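In my numbering, the protein residues as written are 1 to 642. Okay, so here's the structure we're looking at.
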Amino acid sequence: MITRREFVGSLPALYSLLRKRKLAERAGNAREIHVSVSGNDENHGSASSPLRTISAAAELAYPGDSITVHAGVYRERVSPPRGGTSDANRIVYRAAPGEQVTITGAEVVKGWARIEGNAVGDVWKMTIPNSFFGSFNPYGDVIHGDWFNPLGRVHHTGAVYLDGEWLAEAAALDDVMKKSDGEPLWFARVDDNSTTIWAQFRGADPNQRLAEINVRRTVFYPEKTGIDYITVRGFKLCQAATQWAPPTAEQIGVIGPHWSKGWIIEENTVSHSICCGISLGKYGDQWDNTSANSAQGYVKTIERALQNGWSKEKIGHHIVRNNTVCHCEQAGIVGSLGPVFSTVTGNTIHDIYVRRLFSGAEIAGIKFHAAIDVEISHNRIYRAYRGLWLDWMAQGTHVAGNLFHDNEEEVFFEVDHGPFVVDNNIFLSKKSQHINSQGGVFAHNLFCGGLELNKYDGRMTPFMKPHSTEVAGYHDNPSGDMRYFNNLFAQNGTLAAFEETRMPNQLDGNVFLKGATPCTLEASSLRDADFDPRAEIVEKTDGAYLAIALDGAWADGVGRDRRRELVTGERLGLARIPQLPYELADGAPVRIDRDFAGRLRNAANPFPGPFERPEGGRMLVKVFPVGQDLGSKPGNGVLKAG
Numbered sequence: 001m002i003t004r005r006e007f008v009g010s011l012p013a014l015y016s017l018l019r020k021r022k023l024a025e026r027a028g029n030a031r032e033i034h035v036s037v038s039g040n041d042e043n044h045g046s047a048s049s050p051l052r053t054i055s056a057a058a059e060l061a062y063p064g065d066s067i068t069v070h071a072g073v074y075r076e077r078v079s080p081p082r083g084g085t086s087d088a089n090r091i092v093y094r095a096a097p098g099e100q101v102t103i104t105g106a107e108v109v110k111g112w113a114r115i116e117g118n119a120v121g122d123v124w125k126m127t128i129p130n131s132f133f134g135s136f137n138p139y140g141d142v143i144h145g146d147w148f149n150p151l152g153r154v155h156h157t158g159a160v161y162l163d164g165e166w167l168a169e170a171a172a173l174d175d176v177m178k179k180s181d182g183e184p185l186w187f188a189r190v191d192d193n194s195t196t197i198w199a200q201f202r203g204a205d206p207n208q209r210l211a212e213i214n215v216r217r218t219v220f221y222p223e224k225t226g227i228d229y230i231t232v233r234g235f236k237l238c239q240a241a242t243q244w245a246p247p248t249a250e251q252i253g254v255i256g257p258h259w260s261k262g263w264i265i266e267e268n269t270v271s272h273s274i275c276c277g278i279s280l281g282k283y284g285d286q287w288d289n290t291s292a293n294s295a296q297g298y299v300k301t302i303e304r305a306l307q308n309g310w311s312k313e314k315i316g317h318h319i320v321r322n323n324t325v326c327h328c329e330q331a332g333i334v335g336s337l338g339p340v341f342s343t344v345t346g347n348t349i350h351d352i353y354v355r356r357l358f359s360g361a362e363i364a365g366i367k368f369h370a371a372i373d374v375e376i377s378h379n380r381i382y383r384a385y386r387g388l389w390l391d392w393m394a395q396g397t398h399v400a401g402n403l404f405h406d407n408e409e410e411v412f413f414e415v416d417h418g419p420f421v422v423d424n425n426i427f428l429s430k431k432s433q434h435i436n437s438q439g440g441v442f443a444h445n446l447f448c449g450g451l452e453l454n455k456y457d458g459r460m461t462p463f464m465k466p467h468s469t470e471v472a473g474y475h476d477n478p479s480g481d482m483r484y485f486n487n488l489f490a491q492n493g494t495l496a497a498f499e500e501t502r503m504p505n506q507l508d509g510n511v512f513l514k515g516a517t518p519c520t521l522e523a524s525s526l527r528d529a530d531f532d533p534r535a536e537i538v539e540k541t542d543g544a545y546l547a548i549a550l551d552g553a554w555a556d557g558v559g560r561d562r563r564r565e566l567v568t569g570e571r572l573g574l575a576r577i578p579q580l581p582y583e584l585a586d587g588a589p590v591r592i593d594r595d596f597a598g599r600l601r602n603a604a605n606p607f608p609g610p611f612e613r614p615e616g617g618r619m620l621v622k623v624f625p626v627g628q629d630l631g632s633k634p635g636n637g638v639l640k641a642g
């Protein structure tokens with residue numbers, strides 16, 4: 001006879017066995033569950049008897065099932081209670097084809113009262129009982145966290161919207177009451193019983209228009225960790241009261257997998273997040289937001305993550321593709337430790353951190369800590385302050401075929417030891433690069449902006465065992481050990497900062513055009529100081545094109561009998577600090593034998609820059625979206641999009 005203690009101790013294993021048996025019994029019986037705004041959660045979920053909420057469908061869905069959501073606005077937070085069991089046996093959430101489906105963190109509010117006699121003339125007031133918000137009131141929820149700078153005032157995660165566009169939070173009520181020429185403002189006060197909001201609606205009657213306020217922190221995000229293999233496709237996901245997301249705390253976005261594996265987030269529009277749009281970030285614990293002033297704070301975060309399942313077997317492997325992410329005031333896509341082994345491709349990311357009411361680190365179109373074996377390819381990132389920021393442990397990272405423009409800074413590599421590869425990208429802003437790392441390769445890019453190079457950073461940051469989250473060691477960050485091959489530099493483009501670094505670099509086959517400055521240590525560079533490529537973006541109905549002039553004479557190298565070499569793993573050698581080769585995520589050696597659009601390069605003499613166009617001349621090249629036929633093969637330098 002077993003004792004009570006033995007029986008109770010065996011219950012978790014018993015429950016796990018029963019759950020596995022239930023999932024096995026459902027295998028091969030995949031179900032499509034329908035949701036409609038005209039449905040009822042007491043229904044069966046069939047096409048003729050749909051449910052009313054996505055959350056009700058989530059409770060019924062098991063691996064292999066799909067949830068089809070029909071046109072309408074769904075005001076709820078979807079927290080999947082379970083995921084799939086493998087890539088082939090996932091749970092799919094999808095908008096019905098051709099139908100517009102919005103999941104929002106906001107609610108419509110009526111009963112606004114105009115403040116008569118106000119100097120502005122269009123300030124309205126609303127008082128709401130705190131019970132309206134339940135356990136979370138965004139208007140009392142102050143934005144804070146590690147490396148956050150409020151710029152001398154208080155900020156909240158709430159927002160006010162008119163016809164889907166948000167107003168800006170004022171620092172004080174007096175600011176709302178004054179006439180202003182900038183964005184319309186709102187301000188809120190929360191007491192023990194109610195929340196009062198004042199807002200400038202500027203000639204609009206909010207009771208006759210669509211006026212909304214935030215009530216939910218997130219829109220599609222599991223409460224629990226380890227909810228694997230979920231697909232989210234085709235939705236508009238918006239208006240979330242997200243909190244600041246530093247790398248040392250739980251990172252909650254409008255949507256995110258919450259420390260899970262194998263999500264596919266595709267073909268969605270993610271917008272209007274107070275902080276972050278898509279989050280691939282870490283879980284939360286009692287050490288959240290306690291590390292900003294500690295030199296070892298993030299190191300301890302990494303150590304705890306390893307104890308909490310951070311591994312290739314359990315975390316990451318997400319695909320984030322063909323989404324539009326915009327109007328987020330911290331990051332379009334963010335992730336600390338959670339993005340490992342993922343692919344981010346084909347996304348449009350724009351209008352990130354445009355208000356600048358607060359500041360801090362972690363602000364970028366894409367901001368990843370630990371982009372281990374992550375592919376970031378064929379994205380368009382613009383008006384995002386900083387386009388791409390790879391901070392700590394960019395190892396095995398591949399940044400290929402992206403279009404950057406109208407940013408203050410395009411890419412920032414911070415305290416990474418490599419190996420990482422950046423090839424076939426287009427950088428059009430005034431500042432292309434900020435380098436505080438080693439072990440990187442930049443090949444066949446177009447740089448139209450300047451370079452900031454940190455000479456030395458004494459922080460001890462980790463490098464990993466190959467294709468793993470396991471720490472192999474720690475090292476400080478001297479400058480150098482960078483490889484620049486076959487790039488085009490124009491306008492403000494430069495490598496002059498590499499005149500003096502602590503470690504040697506490899507520079508070869510680069511071309512410097514009008515306004516660009518070479519590094520004198522590169523004997524093989526070609527300088528054509530009178531040639532202006534006049535690179536500029538041309539918007540068309542089917543996408544973005546790059547107008548650019550090239551010169552076929554560049555194929556002749558530096559005016560002597562010398563051809564450029566193909567960039568391969570064998571040629572690149574080993575990143576000096578981790579002593580690792582340049583490989584793709586699958587272990588195949590890097591071989592950059594295709595251009596931005598997937599055209600094969602001349603292996604005997606590849607043309608400089610992102611386009612294999614040795615014929616030269618003025619041309620118009622479609623650069624976003626790039627077609628689905630990139631023709632990537634294992635080992636190619638540009639991977640297939642879509």
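Idealized CB from N, CA, C, for every residue including glycine. Keep in mind it's a predicted model, so treat the numbers as computed, not measured.
Strictly by DSSP, which residues pair up with residue i?
i    : result
M464 : V471
F148 : G360
K367 : V334 and W389
P129 : S194
Y283 : For Y283, which the question treats as bridged, DSSP gives no partner whatsoever.
C276 : A331
P478 : Y456
N214 : A106
What do you get for residue i, buried or exposed, if any count of 16 or more other CB atoms within 10 angstroms of its CB means buried?
i    : result
M503 : exposed
V108 : exposed
E375 : buried
S260 : buried
H398 : buried
P307 : According to the sequence provided, residue 307 is Gln. The question's Pro does not apply to it. Burial call: exposed.
Y93  : buried
A641 : Note that A641 scores a pLDDT of 28, beneath 50, so its modelled location is shaky; the value from the coordinates is reported in the next line. Label assigned to A641: buried.
A58  : buried
E499 : exposed
N323 : buried
H44  : exposed
T68  : buried
P246 : buried
S359 : exposed
F624 : buried
P97  : exposed
According to DSSP, simplified to helix, strand and coil, what is residue i?
i    : result
N402 : coil
N89  : strand
N486 : coil
G134 : coil
L572 : helix
F624 : strand
A95  : strand
G72  : strand
W166 : strand
D65  : coil
A124 : Note that residue 124 is Trp in the sequence shown, not Ala. Strand, per DSSP.
G552 : helix
E116 : coil
F442 : strand
Between which two residues does the alpha helix (DSSP H) containing residue i stretch?
i    : result
E59  : I54 to L60
R189 : No alpha helix (DSSP H) contains R189, which is instead part of the beta strand (DSSP E) from L185 to V190.
A305 : G297 to Q307
M177 : L173 to M177
Can residue i and residue j be called in contact, C-beta distance under 7 Å?
i    : j    : result
T195 : N130 : yes
R321 : G346 : yes
G105 : R209 : no
G450 : T494 : yes
V354 : V270 : no
R202 : P222 : no
N89  : A159 : no
F235 : N193 : no
P610 : H434 : no
Tell me the residue span of the beta strand (DSSP E) that contains residue i.
i    : result
S377 : E375 to S377
D423 : F420 to D423
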